[in-house]
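Reviewing the structure listed below.
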Amino acid sequence: MPGSLGVATFRVWRGDGQGGALVDYETNVTPGMVVLDAVHQIQAEQANDLAVRWNCKAGRCGSCSAEVNGSPKLMCMTRLSELPLDKPVTVEPMRSFPPIKDLVADVSWNFRVKQRIKQFKPRTPDAPDGTWRMAQSDVDRVQEFRKCIECFLCQDVCHVLRDHHLHDEFVGPRFLVHVAALEMHPLDTEDRVEELRQAHGIGYCNITKCCTKVCPEHITITDNAIIPLKERVVDEFYDPLGRLLKVFSRSQGS
Amino acid sequence: MSDYQTFEHDVLVIGAGGAGLRAAIAASAAGASVGLVCKSLLGKAHTVMAEGGIAAALANVDDRDSWRVHFADTMRGGQYLNNWRMAELHAKEAPDRVRELEAWGALFDRTADGRILQRNFGGHKYPRLAHVGDRTGLEMIRTLQDYGIHQGVDVHMECTVLELLTEGGRIAGAFAYDRERGRFRLFRCKAIVLATGGIGRAYSITSNSWEYTGDGQALAYRAGAALQDMEFVQFHPTGMIWPPSVRGILVTEGVRGEGGVLRNKDGRRFMFDDIPENYRSQTADNEEEGWRYTQGDKNARRPPELLTRDHVARCIVREVREGRGSPHGGVFLDISWIRERLPDAAKHIVRKLPSMYHQFKQLADIDITTTPMEVGPTTHYIMGGIRVDGDTQMSTVPGLFAAGECAAGLHGANRLGGNSLSDLLVFGKRAGDAAAQWACVHGAAAVDSGRIEEAGRCALAPFERSADAARGGPYQVQQELQVMMQDLVGIVRRESEMERALEGIDGLKVRARRVGVAGNREYNPGWHTALDLANLLTVSEAVARAALERKESRGGHFRDDYPEKDPAHGKVNIVIRKGEGGEMQLSREPIPEMPAELKRVIEEQR
Numbered sequence: 018m019p020g021s022l023g024v025a026t027f028r029v030w031r032g033d034g035q036g037g038a039l040v041d042y043e044t045n046v047t048p049g050m051v052v053l054d055a056v057h058q059i060q061a062e063q064a065n066d067l068a069v070r071w072n073c074k075a076g077r078c079g080s081c082s083a084e085v086n087g088s089p090k091l092m093c094m095t096r097l098s099e100l101p102l103d104k105p106v107t108v109e110p111m112r113s114f115p116p117i118k119d120l121v122a123d124v125s126w127n128f129r130v131k132q133r134i135k136q137f138k139p140r141t142p143d144a145p146d147g148t149w150r151m152a153q154s155d156v157d158r159v160q161e162f163r164k165c166i167e168c169f170l171c172q173d174v175c176h177v178l179r180d181h182h183l184h185d186e187f188v189g190p191r192f193l194v195h196v197a198a199l200e201m202h203p204l205d206t207e208d209r210v211e212e213l214r215q216a217h218g219i220g221y222c223n224i225t226k227c228c229t230k231v232c233p234e235h236i237t238i239t240d241n242a243i244i245p246l247k248e249r250v251v252d253e254f255y256d257p258l259g260r261l262l263k264v265f266s267r268s269q270g271s
Numbered sequence: 008m009s010d011y012q013t014f015e016h017d018v019l020v021i022g023a024g025g026a027g028l029r030a031a032i033a034a035s036a037a038g039a040s041v042g043l044v045c046k047s048l049l050g051k052a053h054t055v056m057a058e059g060g061i062a063a064a065l066a067n068v069d070d071r072d073s074w075r076v077h078f079a080d081t082m083r084g085g086q087y088l089n090n091w092r093m094a095e096l097h098a099k100e101a102p103d104r105v106r107e108l109e110a111w112g113a114l115f116d117r118t119a120d121g122r123i124l125q126r127n128f129g130g131h132k133y134p135r136l137a138h139v140g141d142r143t144g145l146e147m148i149r150t151l152q153d154y155g156i157h158q159g160v161d162v163h164m165e166c167t168v169l170e171l172l173t174e175g176g177r178i179a180g181a182f183a184y185d186r187e188r189g190r191f192r193l194f195r196c197k198a199i200v201l202a203t204g205g206i207g208r209a210y211s212i213t214s215n216s217w218e219y220t221g222d223g224q225a226l227a228y229r230a231g232a233a234l235q236d237m238e239f240v241q242f243h244p245t246g247m248i249w250p251p252s253v254r255g256i257l258v259t260e261g262v263r264g265e266g267g268v269l270r271n272k273d274g275r276r277f278m279f280d281d282i283p284e285n286y287r288s289q290t291a292d293n294e295e296e297g298w299r300y301t302q303g304d305k306n307a308r309r310p311p312e313l314l315t316r317d318h319v320a321r322c323i324v325r326e327v328r329e330g331r332g333s334p335h336g337g338v339f340l341d342i343s344w345i346r347e348r349l350p351d352a353a354k355h356i357v358r359k360l361p362s363m364y365h366q367f368k369q370l371a372d373i374d375i376t377t378t379p380m381e382v383g384p385t386t387h388y389i390m391g392g393i394r395v396d397g398d399t400q401m402s403t404v405p406g407l408f409a410a411g412e413c414a415a416g417l418h419g420a421n422r423l424g425g426n427s428l429s430d431l432l433v434f435g436k437r438a439g440d441a442a443a444q445w446a447c448v449h450g451a452a453a454v455d456s457g458r459i460e461e462a463g464r465c466a467l468a469p470f471e472r473s474a475d476a477a478r479g480g481p482y483q484v485q486q487e488l489q490v491m492m493q494d495l496v497g498i499v500r501r502e503s504e505m506e507r508a509l510e511g512i513d514g515l516k517v518r519a520r521r522v523g524v525a526g527n528r529e530y531n532p533g534w535h536t537a538l539d540l541a542n543l544l545t546v547s548e549a550v551a552r553a554a555l556e557r558k559e560s561r562g563g564h565f566r567d568d569y570p571e572k573d574p575a576h577g578k579v580n581i582v583i584r585k586g587e588g589g590e591m592q593l594s595r596e597p598i599p600e601m602p603a604e605l606k607r608v609i610e611e612q613r
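Which chain is which? The protein sequence lines are R and V, in order. Counting from 1 along the first sequence, just add 17 to a position and that's the residue number in my numbering. Counting from 1 along the second sequence, just add 7 to a position and that's the residue number in my numbering.
Structure (structure tokens):
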């Protein structure tokens, strides 16, 4: 094969909701190849029914999330040259979600969670033509959160979900970032602090920063999104004196 | 008897990219019950990949801009084959559609006075593209998704439509399967909006994902709808070419908008060597002026790198063919050179083009702030598609609407960058409104159980045949088609090659009917690929036949054997319908006379 860099072994999880096992496939490696290329090659040549999600192949859509050698990764952005190929490369679905088939996990829970979060509610427009004015410096912070591609790798690695299975009580880092994007949006007028404390379970996060480490978009999830939201919750619910003072000083100022 | 689950909606939208989401929102707002079907998860459609921006004459950056200039730019870019009514509506309504996104939470980059910032792009006279760095598509799809999920739309994710069902010539429903379990679904509805995107998977070098198998075009064609302009495929001039595994991935035109230049292996800015006559008065004739344009000098004309995509792609092909290409068979796209002009250039590049920076860093080991990129053309978009009415987006089948890439008309022979995202918004809304209106005044049509039975049987047939993954499998047939289309019906076309392609397509049709698949119905990509083949073959044949019929070169369609424009061909669209005996029938349909007012707009903008 032209340009071949030899043969590597991929140990791919094959199975469904009933169970499964790792299966070894050998395939040719060519320059620049990423894990998703290897999976596609195996699918085309050896296992036509090997299930995998993908779309953009450029780290933009967040479809091909998986665990490569145990780390949560986008398969399309994980180059084989970064992996030790003298050993088999294990490729497994995201383990925090129920398996559907092979590398495809059931991530539908995430879509249901988003539906429960209060949607964007803008203030009345600033200009008579119905438009708003915002400085770039005011939108920079929120634009960071809006880079999220919804790959759900942060959800996969979060121990509250992965180890403690608190899916009913905790929305996970992805949706705390989503709430942060809404709460810090310069135009938004909605208040989500009560939900953060109760329904979204922000208190479960003990800021181990695992989510930040795996984010392929390099969003500073814990420091920039979750901690400021925790501060809002604390200000609102656990510091009544401070709150009173704030109300007082506001009324003094006006 | 195939088992299936039945769903009922007033309006069924097929496809959940920008056009589908916008259509679903519009139809729901108009009071219709709406189902939204998509092949992937919500928010993953190709809109997410759009980088540059949304073209809309907001005139925030240059107050000389207006719908009139945008209209004239779109028509000039489309070589006047456009549906002028669509071009007019698009230019007039795009600004409102962009402002509406802001009201739904989108956060565009800002001007110094706090309004939506706009950037330069190929073929647009003034800075016109509302954008968010180079991830505008993500901002747009996420805004529509997050707004849409609160509008009472029923979303059917990972569901693929097999056939449209008609009764007495009008739409009655759609038959589909869910990818997860492989079970059939019957959608009964009064109207359907097709928003399925393009056909990029018919080619081997493409920026498109697995989804773009021409489903909407082929479904509509089989249901009796007319297609038009199928010969006009856009090859985006700048796709990645190295390493092989990333070949075809898009490099945004925004790189050139920010000052990036194209050079051949000798370091020459070859785009200055061939500036088409109809763009000469708008194009810089020296490097200095081009640079000033990219930095916002209103008196400067745009650099030739920002000529239309069809032209830039052909110039790149010429350089490579004549031996002046880069080591891996492309040319160089260099943004790093702006170090000579700007302090802090590296930071500026990373801020303006963050996705490009990471894409090259991670996938090609190249730092674009210091090193030129290697690029070459990649199959990106189809201007042609389902023939629709300009105002309502209804196809020639009553109750069947189409919007976005799968519809034809707005872009004519060539699409300007940035006009796609605005197309999705403007005509997604119009299609959704019109479909809801249609559903309001028309009752449900009966569905033919015989047709459903037949569609189910056909879909399961590949399981009855023996599977040979290595040789005759669905992936091999798909790959052979892709290579053949790339070689024989690609950027530069010839009669003899296209004749060969048609013969090849006939052979592949026979093989596609014999393809067998292994495994079961649960999330089985081999089976899905086998089922997609029929659509891919239909649209490939349509592209090849239309390209044979158009004996001239215009926009995205270039014939080596007819290299000039022919005025007679400039007055017609090539239209394709399914004949009585199932054969593809072509006709030349005259383009309606443009109203005097629009003619005046074009004259004043010359």
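All residues carry an ideal CB built from backbone N, CA and C; glycine is no exception. Quantities reported herein were computed from a predicted structural model and do not represent experimental measurements.
Any beta carbon of chain V sitting closer than 8 Å to that of residue 30(R)? no
Between the segment 504-513 of chain V and the segment 524-543 of chain V, do at least 3 Cβ pairs fall closer than 8 Å? no
Closer than 9 Å by beta-carbon distance: list the chain V residues that pair up with residue 47(R), in chain order. 250, 251, 252
Between 337(V), 92(V), 165(V), which has its C-alpha nearest residue 602(V)'s C-alpha? 92(V)
Unbroken beta strand (DSSP E) run spanning residue 33(R), endpoints: 24-33
Taking 8 Å as the cut-off, decide whether the C-beta atoms of residue 436(V) and residue 195(V) are in contact. Not closer than 8 Å, so no.
Can you tell me which of the three DSSP states residue 311(V) falls into? helix
Quick check: what's the CA-CA separation for residue 168(V) versus residue 39(V)? 21 Å
Leaving out five residues on either side along the sequence, give the residues of the same chain with a beta carbon under 6 Å from the beta carbon of residue 223(V). Scanning its chain for C-beta atoms nearer than 6 Å, with the 5 sequence neighbours on each side dropped, one finds around residue 223(V) the residues 201, 203, 413, in chain order.
Cβ of residue 81(R) within 8 Å of any chain V Cβ: no
Check the Cβ of residue 375(V) against every Cβ in chain R and list those closer than 8 Å, keeping chain order. Near residue 375(V) there are no residues of chain R at all, since even the closest Cβ is about 14 Å away, more than 8 Å.
Tell me the start and end of each unbroken beta strand (DSSP E) in the segment 96-154 of chain R that is at least 3 residues and wholly inside, in chain order. 106-109, 116-118
Name the chain R residues that come within less than 9 Å of residue 427(V), Cβ to Cβ? Within chain R, no residue comes near residue 427(V); the closest Cβ sits about 16 Å away, beyond 9 Å.
Per-residue DSSP class, three states only, for residue 235(V): Residue 235(V) sits in a strand when the DSSP states are folded into three classes.
If you run the structure through DSSP and keep just helix, strand and coil, what is residue 234(R)? The three-state reading of DSSP puts residue 234(R) in coil, since its state is none of H, G, I, E or B.
State the CB to CB distance for the pair residue 105(R) and residue 41(R), rounded to an integer number of angstroms; the pair is presumed to be in contact (CB under 8 Å). 6 Å
Answer yes or no: does any C-beta atom of chain C fall closer than 8 Å to that of residue 92(R)? Reference to chain C is not applicable here, since the protein chains of this structure are R and V.
Would the beta-carbon of residue 242(V) fall within 8 Å of that of residue 386(V)? With a cutoff of 8 Å on beta-carbon distance, residue 242(V) and residue 386(V) are scored as near each other.
is_contact[residue 21(R), chain V] using C-beta, thresh 8 Å: no
Residue 41(V) versus residue 396(V) - alpha carbon distance: 22 Å
Does the count of Cβ pairs from the segment 56-72 of chain V and the segment 249-261 of chain V closer than 8 Å reach three? yes
Counting only C-beta atoms, is residue 35(R) closer than 8 Å to chain V at any point? Interface criterion not met: the Cβ of residue 35(R) is under 8 Å from no Cβ in chain V.
Output needed for residue 170(V): all residues of its chain with C-beta closer than 6 Å, excluding positions within five of it in sequence on either side, in chain order. 182, 462
Taking the alpha helix (DSSP H) that residue 261(V) belongs to, which residues open and close that run? Segment 261-264, the alpha helix (DSSP H) holding residue 261(V).
The segment 175-194 of chain V touching the segment 507-520 of chain V, judged by at least three CB pairs closer than 8 Å: Judged by Cβ distances under 8 Å, the segment 175-194 of chain V makes no contact with the segment 507-520 of chain V, as fewer than three pairs qualify.
With contact counted as at least three CB pairs below 8 Å, one residue from each stretch, are the segment 195-203 of chain R and the segment 178-186 of chain R in contact? Between the segment 195-203 of chain R and the segment 178-186 of chain R, the count of Cβ pairs shorter than 8 Å is below three; the stretches do not touch.
Mark residue 422(V) as exposed unless 16 or more other C-beta atoms lie within 10 angstroms of its C-beta, in which case mark it buried. buried
Going along the chain, which residues of the segment 129-162 of chain R sit with their C-beta nearer than 7 Å to a C-beta in chain V? Residues passing the 7 Å Cβ filter: 131, 132, 136, 137, 139, 147, 148, 149, 150, 151, 152, 153, 156, 159, 160.
Using C-beta distances below 6 Å, list every residue in its chain close to residue 244(V), excluding the 5 sequence neighbours before and after it, in chain order. 316, 319, 320, 323, 384
Residue 388(V): which of 411(V), 98(V), 469(V) sits nearest, CA to CA? Looking at the Cα atoms, 411(V) is the closest of the given residues.
In whole angstroms, what separates the C-alpha of residue 271(R) from that of residue 140(R)? Only weak support is given to the placement of residue 271(R): the predicted model assigns it a pLDDT of 39, under 50, and the value that follows is read from those uncertain coordinates. Each residue's alpha carbon lies about 20 Å from the other.
Skipping 5 residues on each side, what residues in its chain have a beta carbon closer than 7 Å to that of residue 580(V)? 88, 235, 236, 596, 598
Contact check, residue 163(V) vs residue 43(V), beta carbons under 8 Å: yes
Beta strand (DSSP E) containing residue 434(V): first to last residue? The continuous stretches of beta strand (DSSP E) do not include residue 434(V), which lies in the alpha helix (DSSP H) extending over residues 426-448.
Would you mind sorting residue 341(V) into buried or exposed? The rule is 16 or more other CB atoms within 10 Å of its CB. buried
Name the one or two DSSP bridge partners that residue 194(V) has. 14(V), 181(V)
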